[in-house]
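Colleague:
Protein chains: 2
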Amino acid sequence: MNQGLVLALDIGGTNARGEVLDARLGAPLVRADLPTPERDGEATIATIASLCRLLLAGLSDVDRSRVCAVGLAVPGIIEGPTGVVRLASNLGWSDEPVAARLSALLGLDVVLHHDVTAAGVAEHRLGAGAGASDLLAVFIGTGMAALVVAGGEVVSGGLHQAGEIGHIPVEQGGRPCPCGQTGCLEMYASARAIGRAYGALTGDPDATSLDVVTALGSDPRADSVWAEAMDWLAHGLLGPITLLSPARVVLGGGLSASGAVLVDALRSRLDVLSHVAAVPEIVTASLGQRAGVLGSGLATFDAIERRQLV
Amino acid sequence: MNQGLVLALDIGGTNARGEVLDARLGAPLVRADLPTPERDGEATIATIASLCRLLLAGLSDVDRSRVCAVGLAVPGIIEGPTGVVRLASNLGWSDEPVAARLSALLGLDVVLHHDVTAAGVAEHRLGAGAGASDLLAVFIGTGMAALVVAGGEVVSGGLHQAGEIGHIPVEQGGRPCPCGQTGCLEMYASARAIGRAYGALTGDPDATSLDVVTALGSDPRADSVWAEAMDWLAHGLLGPITLLSPARVVLGGGLSASGAVLVDALRSRLDVLSHVAAVPEIVTASLGQRAGVLGSGLATFDAIERRQLV
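Residue numbers (the numbering used here), protein chains in the order written: chain A, 46 to 355; chain B, 46 to 355.
Structure follows, in structure tokens:
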């Protein structure tokens, strides 16, 4: 086992989280968070560098000398080998050589990861997906994205864009999506879509999917919004399940905080809808908000293992 | 390279095709076809045994001694390791120990393969999918089925039912499918669905998808049936493309005989519809009706290679 340490970071649109991890990926030696600057690419680079320095400052001199790389999970399109972020609109980056710039600032190798891939890999190897070599991890929050694991391997796709489950069309000529398509699954079943649909009925522009789940059984408007969203979710996920025959579906992201309510709603619909595919086991993610950081650490140790660096 | 020969068979609902192949999988040493008995499981076993004996009879004594196994591609649900066909309704088999029975009749090891998997593997390794390690092979005939290849490996799924692309739901509460679901893609875009939709307009109960393609540009009814089917096909395939990001889509089965008309119809629609996924290369299958036999041979030599037999 690698004796080094990794600074594992997960840069979200709101918070930048960091942990110092060893190869066992247990409890962090140090952890720290900083708020992410709002769509300001330069400020985000500076914040990440500060977060790394904060993490390093928390280590003993001996442990500081063991740090061998920085892993960075980001919500954007990454050119893997070069470490360039092609587009991360929430972070204000476009064709930004993030790995090279941070590496120059910190004097450490920097490895970039897609945030959903990182979180999915963590759930697959350490969390609710452990033990399943064929699984679909679906993260449902503001948008929706997925990690497909087949035969134990992450599917990244020949065109390197696998996982965009939120943009699977579920209704021909359906609801317009900011992406330019119509009928994208995330316009019907994301946490944001559920919150908005409820807000449109109640007049509360700040309504969230949590409000809907909380009001289930007491507010018929919440019941109907939830039922409709779950109908679309089941309809949308039945396609990937029918094509890929995963043994397990792991539900993560903000909506998965609703736990059994979500799992039961989806499972009961799939049991009725599916006549061809066997319905897989459906569970919620188990690593919570640590998933991105853990996946970033995992994937960085993997990269070291493959001698891509250090 | 293995010096042996394989009797490679593809048992369709209408014809049973056979070839004697060596490990280079070039031109067959012998080939023979027999009509498949109609949904009569016992007669089908006898026909397969006859076809094997016919193939063996065509070989020299020296070559006959080189035959090391029989590969059998069948349209049904197979329990891989045991060689039992759980269900192949077109062949009249249900929980039938096909491999063991044929092996006893012929004195040769018998390896079963799913016919679409076999044809897809052949297109992937020897045909229109060669060189692409991430591809979606879609066979469109009476029904629709697919082979997914990711990272060079065939995706069979944790529940072993991957590939049922014809039963991806494309319309919530849509057209009823004999499988029991509603809105299955094959009810909109299979060769049979296209022929039936045209027949409903022309009054010809025997209308086929070939009739539609032939009448394009001269019969507005054909134009509208084709356009609607292609809209659904593009809508239905955009989901798998968006999730899996394949580099290439190979279109096989009866409908692929329409060639560029099909490829162009699908590509032009995907170019317009897709705003998130990069549109993969779209090509027609190149091995035609030999694909199943070649895939049966390939997969059988693979099994020998893995020392599963001989």
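Just so it is clear, CB atoms sit at the ideal spot from N, CA and C, and this is done for glycine as well.
To be precise: take each residue of the stretch 179–209 of chain B, compare its Cβ to all Cβ atoms of chain A, and keep it if any distance is under 8 Å. Which residues remain?
Modeller: Answer in chain order: Asp-179, Leu-180, Ala-191, Val-193, Ala-195, Gly-196, Glu-198, Val-200, Ser-201, Gly-202, Gly-203, Leu-204, His-205, Gln-206, Ala-207, Gly-208 and Glu-209.
Colleague: Between which two residues does the alpha helix (DSSP H) containing Val-328 (chain A) stretch?
Modeller: Careful: Val-328 (chain A) lies outside any alpha helix (DSSP H), inside the beta strand (DSSP E) at 326–329.
Colleague: Check the Cβ-Cβ distances between Ser-290 (chain A) and every residue of chain B, and say whether any is below 8 Å.
Modeller: It does; some Cβ of chain B falls within 8 Å.
Colleague: I need the straight-line Cα distance from Leu-150 (chain B) to Arg-352 (chain B), nearest angstrom please.
Modeller: One C-alpha to the other measures close to 23 Å.
Colleague: Closer than 8 Å, Cβ to Cβ, to anything on chain A: give me those residues from the stretch 108–140 of chain B, in chain order.
Modeller: Residues: none.
Colleague: So with CB distances below 8 Å, who are the chain A contacts of Ala-322 (chain B)?
Modeller: Chain A residues near Ala-322 (chain B): Leu-204, Gln-206, Glu-209 and His-212.
Colleague: Thinking C-alpha only, which one of A:Ala-72, A:Gly-63, A:Gly-218 and A:Glu-326 is nearest Ala-173 (chain A)?
Modeller: That would be A:Glu-326, whose Cα lies nearest to the Cα of Ala-173 (chain A).
Colleague: Extract the residue ranges of the alpha helix (DSSP H) inside the stretch 173–256 of chain B, only unbroken runs of 4 or more that lie entirely within it.
Modeller: Listed in chain order, they are 231–234 and 236–247.
Colleague: From Ser-290 (chain B) to Phe-346 (chain B), what distance separates their C-alpha atoms?
Modeller: The alpha-carbon atoms of Ser-290 (chain B) and Phe-346 (chain B) are separated by roughly 30 Å.
Colleague: Decide yes or no for the touch test of the stretch 76–91 of chain B against the stretch 307–325 of chain B: beta carbon pairs closer than 8 Å, at least 3 of them.
Modeller: Touching, no, given that fewer than three Cβ pairs across the two stretches are closer than 8 Å.
Colleague: Taking Cβ-Cβ distances shorter than 7 Å, what residues in chain A pair up with Pro-73 (chain B)?
Modeller: What Pro-73 (chain B) touches in chain A: nothing, since even the nearest Cβ is about 31 Å away.
Colleague: Is there a Cβ from chain B that is less than 8 Å from the Cβ of Gln-226 (chain A)?
Modeller: Judged by the 8 Å Cβ criterion, Gln-226 (chain A) is in contact with chain B.
Colleague: Please state whether the Cβ-Cβ distance between Gly-240 (chain A) and Gly-228 (chain A) is less than 8 Å.
Modeller: It is not a contact, given that the beta carbons lie outside the stated cut-off.
Colleague: Can you tell me which of the three DSSP states Val-295 (chain A) falls into?
Modeller: Three-state DSSP puts Val-295 (chain A) in a strand.
Colleague: For the candidate residues B:Leu-101, B:Arg-314 and B:Ile-185, whose alpha-carbon lies nearest to that of Ala-272 (chain B)?
Modeller: Ranking B:Leu-101, B:Arg-314 and B:Ile-185 by Cα distance to Ala-272 (chain B) puts B:Arg-314 first.
Colleague: Relative to the C-alpha of Met-232 (chain A), which residue among A:Glu-87, A:Thr-287 and A:Asp-276 is closest?
Modeller: Checked all of A:Glu-87, A:Thr-287 and A:Asp-276; the closest Cα to Met-232 (chain A) is A:Asp-276.
Colleague: Considering Cα atoms alone, identify which of B:Leu-171, B:Gly-57, B:Arg-131 and B:Ala-91 is closest to Ala-361 (chain B).
Modeller: Any property of residue 361 (chain B) remains undetermined from this structure, which presents chain B solely from 46 to 355.
Colleague: What are the residues that DSSP puts in a beta bridge with Gly-116 (chain B)?
Modeller: Paired residue(s): B:Ala-53 and B:Val-156.
Colleague: Would you call the CB atoms of Val-112 (chain B) and Leu-153 (chain B) closer than 8 Å?
Modeller: Yes, the Cβ-Cβ distance between Val-112 (chain B) and Leu-153 (chain B) is below 8 Å.
Colleague: What are the residues of the stretch 305–329 of chain A that lie near chain B, defined by any Cβ-Cβ distance shorter than 7 Å?
Modeller: Going along the stretch 305–329 of chain A in chain order, one finds Leu-318, His-320, Val-321, Ala-322, Ala-323 and Pro-325 with a Cβ nearer than 7 Å to chain B.
Colleague: Report yes if the C-beta distance between Gly-128 (chain B) and Pro-142 (chain B) is below 8 Å; otherwise report no.
Modeller: Yes, they are a contact pair.
Colleague: When you compare the stretch 59–77 of chain A with the stretch 94–108 of chain A, are there three or more beta-carbon pairs, one atom per stretch, that lie closer than 8 Å?
Modeller: Judged by Cβ distances under 8 Å, the stretch 59–77 of chain A makes contact with the stretch 94–108 of chain A, as three or more pairs qualify.
Colleague: Anyone know if the C-beta pair for Thr-187 (chain A) and Ala-245 (chain A) falls short of 8 Å?
Modeller: Against a cut-off of 8 Å, the Cβ pair of Ala-245 (chain A) and Thr-187 (chain A) comes out as no contact.
Colleague: Please classify Leu-311 (chain A): does DSSP put it in a helix, a strand, or coil?
Modeller: DSSP places Leu-311 (chain A) in helix when its eight states are reduced to three.
Colleague: State yes or no: is the C-beta of Ala-114 (chain A) within less than 8 Å of the C-beta of Val-199 (chain A)?
Modeller: For Ala-114 (chain A) and Val-199 (chain A), no; Cβs fall outside 8 Å.
Colleague: From what residue to what residue does the alpha helix (DSSP H) around Ala-338 (chain A) run?
Modeller: As written in the sequence, residue 338 (chain A) is Val, which differs from the Ala given in the question. Segment 336–350, the alpha helix (DSSP H) holding Val-338 (chain A).
Colleague: Give the secondary structure of Val-355 (chain A) by DSSP, where H, G and I count as helix, E and B as strand, and everything else as coil.
Modeller: A caution first: Val-355 (chain A) carries a pLDDT of 47, below 50, which makes its placement in the model too unreliable to give a value.
Colleague: According to DSSP, which residues form a beta bridge with Val-65 (chain A)?
Modeller: Per DSSP, A:Leu-52 and A:Val-75.
Colleague: Excluding the 5 residues preceding and the 5 following Arg-312 (chain A) in the sequence, name in chain order all residues of the same chain whose CB lies nearer than 6 Å to its CB.
Modeller: The residues are Ile-327.
Colleague: Quick one: is the Cβ of Ser-178 (chain A) within less than 7 Å of any heavy atom of the ligand NAP?
Modeller: Judged by which ligands are present, the structure shown has none, so any question about the ligand NAP falls away.
Colleague: Any idea if Gly-225 (chain A) is buried or exposed, counting beta-carbon neighbours within 10 angstroms, 16 or more meaning buried?
Modeller: Burial call: exposed.
Colleague: From the beta carbon of His-169 (chain A), is the nearest beta carbon of chain B less than 8 Å away?
Modeller: With 8 Å as the cut-off, His-169 (chain A) does not count as an interface residue toward chain B.
Colleague: Just the C-alpha distance for Gln-53 (chain A) and His-212 (chain B), rounded to the nearest angstrom, thanks.
Modeller: First, the residue type needs correcting, since residue 53 (chain A) is Ala and not Gln in the sequence shown. Their Cα atoms are separated by approximately 41 Å.
Colleague: Give every residue of the same chain whose Cβ lies closer than 7 Å to the Cβ of Ser-341 (chain A), excluding the five residues on either side of it in the sequence, and list them in chain order.
Modeller: Hits under 7 Å: Ala-53, Leu-54, Asp-55, Gly-116, Leu-117, Ala-118, His-158 and Ala-163.
Colleague: Would Asp-179 (chain A) and Ala-191 (chain A) qualify as a contact pair, given that the criterion is a beta-carbon distance under 8 Å?
Modeller: Contact: no.
Colleague: Kindly list the residues whose CB is nearer than 8 Å to the CB of Ile-286 (chain A), restricted to its own chain and excluding five residues on each side of it in sequence; keep chain order.
Modeller: Leu-181, Val-294, Leu-315, Ser-319, Ala-322, Val-324 and Pro-325, listed in sequence order.
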